[in-house]
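Residues in the sequence shown are numbered from 306 upward in steps of one, following our numbering. Glycine residues also receive a C-beta, built at the ideal position from the N, C-alpha and C atoms. Since the structure comes first, as structure tokens, the remarks are kept for the end.
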Amino acid sequence: MNLLTRYLGREIYFSIGLVFLALIMLFAFLDLIHELNAMGQGQYHLGYVLLFVILTIPGHIYELFPVAVLIGTITALVQMAGNSELTVIRSSGASLGQMVGALFKIALPLVILSFVCGELLAPPSERLAQQLRLKAQNAQVSLHEFRSGVWVKDDNSFVNVKSVMPDTSLSDIDIYRFDQTYHLQAITRAKRAEFIDQGVWRLEDVRETLFGKTNIDIALQPQREWQSTLTPAILSVLLVVPDQMSVYDLYQYATHLKENRQKSARYEIAMWNKLLNPLSLLVMMLLALPFATYHRRAGGVGAMIFLGIVLGLVFHFVGRLFASLGALNDWQPFISATAMTGLFLVLGISMLWWTERR
306 MNLLTRYLGR EIYFSIGLVF LALIMLFAFL DLIHELNAMG QGQYHLGYVL LFVILTIPGH
366 IYELFPVAVL IGTITALVQM AGNSELTVIR SSGASLGQMV GALFKIALPL VILSFVCGEL
426 LAPPSERLAQ QLRLKAQNAQ VSLHEFRSGV WVKDDNSFVN VKSVMPDTSL SDIDIYRFDQ
486 TYHLQAITRA KRAEFIDQGV WRLEDVRETL FGKTNIDIAL QPQREWQSTL TPAILSVLLV
546 VPDQMSVYDL YQYATHLKEN RQKSARYEIA MWNKLLNPLS LLVMMLLALP FATYHRRAGG
606 VGAMIFLGIV LGLVFHFVGR LFASLGALND WQPFISATAM TGLFLVLGIS MLWWTERR
């Protein structure tokens, strides 16, 4: 059994590595073409463009892990079946259960690597890439959920932020404070806000309008403190798409949204995707196993590999479609995130059952 695992592992890892190399080169090239359109803005020259593309590679590696594992495993198994190696292995006494066990052992290091890449490498790398580009372009992050910027509920206040700078300081903030019956008490406007400590921001160039029962008072201050549950960690998610955030950041931000009675489905779906994405590698291995029954009469090796590529792309793009539809239609986040993985699991088990009966 250990000999079988080592032999299959060597062939499968080599194929997965080649597929990864091809996919990463393709996606990096597409990123490069996209970024060349922005080259020349501020100090965003070719060196920054190349560095940005390099920093986004960990995110692509994490996203493409299931696709690369499926295509690479199918490629290795089809080539071994075409050379009758798998026929010899099965005729030597290796059962289907042993083959499945060997593939799961082979997948385990890939599961760990995928988790490390998705949690420890991709989020900070993606955030650094976005901050680098913004800084080089002498730009700020404009928030376009609405024309007026992004609105955030903070206890009894509604906060409007026009833009977030690359260092996560805020620019052009309006804070509308209400009482328990949602009567407007005050409007605070500041040109800039800088995070000082947990729960405390420093507002600069402040104009506060206080609404009393019989009068309206206006106060001007160069600086003042602002108590808020918002943190740079929460606001920094505006720089990074949910799929590239860590599970902890997704959980924290989704919790913040739910506490303020805002929609959190998009971030909950991304959180479940992040949790289940490494486990989907096991499903990809299981789905690839029926290709081990390939024989030359079934078609060429190229046809089988092409089928594997199609399945991998379907998993990647249709899975993203399910997630988007789930966020738009308020579907249960767990179901939206696991629909494609569950479908491919059923497909893999069905194909194994069919090939064994045949």
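Integer Cβ distance of residue i from residue j, believed to fall under 8 angstroms
i	j	result
Leu337	Val324	Incorrect: roughly 20 angstroms between the Cβ atoms, too far for contact.
Phe620	Ala644	With 8 angstroms as the limit, Phe620 and Ala644 do not qualify as a contact, their Cβ atoms being about 11 angstroms apart.
Ile376	Gly647	No, Ile376 and Gly647 are not in contact; Cβ-Cβ is about 20 angstroms, not under 8 angstroms.
Gln485	Phe516	The pair is not a contact, with the Cβ atoms about 15 angstroms apart (cut-off 8 angstroms).
Ile321	Ile362	At roughly 16 angstroms, the Cβ-Cβ gap does not stay under 8 angstroms, so Ile321 and Ile362 are not in contact.
Pro595	Thr660	5 angstroms
Thr380	Ile610	5 angstroms
Glu424	Val615	Wrong, their Cβ atoms sit about 30 angstroms apart, outside the cutoff.
Ser430	Gly364	7 angstroms
Gln567	Lys458	6 angstroms
Arg512	Ile523	7 angstroms
DSSP bridge partner residues for residue i (one or two, in chain order)
i	result
Ser462	Asp459, Arg482
Val619	Partner(s): none; Val619 has no beta bridge.
Asp502	Val505
Gln346	None; Gln346 has no bridge partner.
Ser491	A small fix is needed here, since residue 491 is Ala in this sequence, not Ser. Arg482, Leu515, per the DSSP bridge assignment.
Enclosing alpha helix (DSSP H) for residue i [first to last residue]
i	result
Lys579	570-593
Glu316	307-341
Tyr389	According to the sequence provided, residue 389 is Ser. The question's Tyr does not apply to it. Note, Ser389: premise wrong, no alpha helix (DSSP H); not H, not E.
Leu535	No alpha helix (DSSP H) holds Leu535; DSSP gives it neither H nor E.
Leu351	351-360
Leu415	401-421
8 angstroms CB neighbourhood of residue i in its chain, flanking five on each side removed
i	result
Glu509	Ala495, Lys496, Arg497, Ala498, Glu499, Pro527, Gln528
Leu437	Tyr353, Leu356, Phe357, Leu360
Phe483	Asn461, Ser462, Phe463, Leu489, Gln490
Phe451	For Phe451, the predicted model reports a pLDDT of 49, less than 50, meaning its position is unreliable and no value from the coordinates is stated.
Ala559	Ser569, Tyr572, Glu573, Met576
Glu530	Ile501, Val505, Trp506, Arg507, Leu508
Pro368	The sequence shown places Glu at residue 368, not Pro. Hits under 8 angstroms: Asp548, His621.
Leu630	Trp636, Ser641
Pro428	Val545, Gln549, Met550, Ser551, Asp554
Contact set for residue i: own chain, Cβ-Cβ below 7 angstroms, skip 5 residues either direction
i	result
Val623	Met645
Lys563	Ser569
Lys579	Gly423, Val552, Leu555
Leu664	The shown model of the chain, from 306 to 663, leaves out residue 664, and the question about it has no answer.
Phe334	none
Phe409	Leu587, Met590
Ala632	Ala570, Arg571, Ile574
Glu316	Ala381, Met385
Ile394	Leu309
Beta-carbon proximity list for residue i, same chain, < 6 angstroms, skipping 5 on both sides
i	result
Ile492	Tyr481, Thr514
Asp548	Ala575
Asp479	Asn465, Arg494
Leu650	Val588
Phe370	Ser419
His449	Below a pLDDT of 50, predicted positions are generally treated as unreliable, and His449, at 43, falls in that range; no measurement from the model is reported.
Gln442	Gln346, Gly347, Tyr349
Ser474	Glu499
Ala407	Leu309, Thr310, Leu313
Gly653	Leu591, Leu592
Arg602	Unreliable positioning characterises Arg602 in this predicted model, as indicated by a pLDDT of 49, which lies under 50. A coordinate reading is not provided.
Asp477	Lys467
Ser447	Bear in mind that the predicted position of Ser447 carries a pLDDT of just 43, short of 50, making it unreliable; the figure below should be weighed with that in mind. For Ser447, where only same-chain residues beyond five positions count, the Cβ hits under 6 angstroms are Ser468.
Met656	Pro595
Ile366	Cys422
Extent of the continuous beta strand (DSSP E) to which residue i belongs
i	result
Glu564	No beta strand (DSSP E) contains Glu564, which is instead part of the alpha helix (DSSP H) from 552-564.
Trp636	Premise fails: Trp636 is in no beta strand (DSSP E) and is neither H nor E.
Gln526	521-532
CB contact below 8 angstroms: residue i versus chain D
i	result
Leu592	You won't find chain D in this structure, because it holds only one protein chain.
inquiry  = Within 8 angstroms, do at least three Cβ pairs link the stretch 633-640 to the stretch 573-590?
reply    = Contact between the stretch 573-590 and the stretch 633-640 is present, because at least three Cβ pairs lie under 8 angstroms.
inquiry  = Assess contact between the stretch 337-352 and the stretch 587-596, defined as three or more Cβ pairs (one per stretch) separated by less than 8 angstroms. Is contact present?
reply    = Fewer than three Cβ pairs drawn from the stretch 337-352 and the stretch 587-596 lie within less than 8 angstroms of each other, which leaves the two stretches out of contact.
request  = Would you check if there are 3 or more beta carbon pairs closer than 8 angstroms linking the stretch 342-360 to the stretch 411-426?
outcome  = no
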